[in-house]
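Numbering (full-length UniProt numbering), first residue to last: 1 to 135.
As structure tokens, this is what we get:
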């Protein structure tokens with residue numbers, strides 16, 4: 001069953017799938033995997049996100065998160081990437097010196113996709129078949 005977030009004047013189901021890589025796509029995430037999990041968990045707790053799935057490969061991360069509609073996907077990516085990147089470089093100075101001399105841990109770009117409770121076809125059909133009051 002679909003899980004909704006309920007607020008005083010809002011019911012929502014906003015889920016996003018993100019993928020991003022370390023700068024220069026260096027395969028260093030196997031070394032910092034536990035820290036990434038910890039830092040992503042702290043970020044989620046701080047902003048009220050719920051991590052639905054997290055997969056960490058050597059050179060990229062998949063994050064599936066549920067959140068409130070007040071956060072744009074760009075805000076969510078920035079929250080996770082900036083906090084974790086800052087702390088990873090502080091915790092692992094040897095990685096910073098070897099791989100990230102230009103500053104910053106994560107690449108600037110990312111992939112984001114949305115998921116929903118219904119397909120596009122269902123939404124289109126609902127809109128087409130709903131009776132609208134005359135203007």
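Yeah, the Cβ is synthetic: ideal placement off N, Cα and C, and Gly gets one too.
Looking at the structure shown, is residue 1 part of a helix, part of a strand, or coil, going by DSSP?
The pLDDT assigned to residue 1 is 37, lower than 50, so where the model puts this residue is not dependable; a value taken from the coordinates is nonetheless given after this. Coil, per DSSP.
Cβ contact (3+ pairs, closer than 8 Å) linking the region 116 to 128 and the region 74 to 82
Because the criterion of three Cβ pairs below 8 Å is not met, the region 116 to 128 and the region 74 to 82 do not touch.
For residue 88 and residue 66, what's the separation of their Cα atoms in angstroms?
24 Å
Length of the line joining the Cα atoms of residue 17 and residue 116:
One alpha carbon belongs to residue 17, the other to residue 116, and they sit about 11 Å apart.
Once DSSP output is grouped into helix, strand and coil, what is the label at residue 23?
helix
Nearest to residue 60 by alpha carbon, out of 130, 110 and 8?
Closest option to residue 60, Cα to Cα, is 110.
Taking DSSP as the reference, what is the three-state secondary structure of residue 110?
coil
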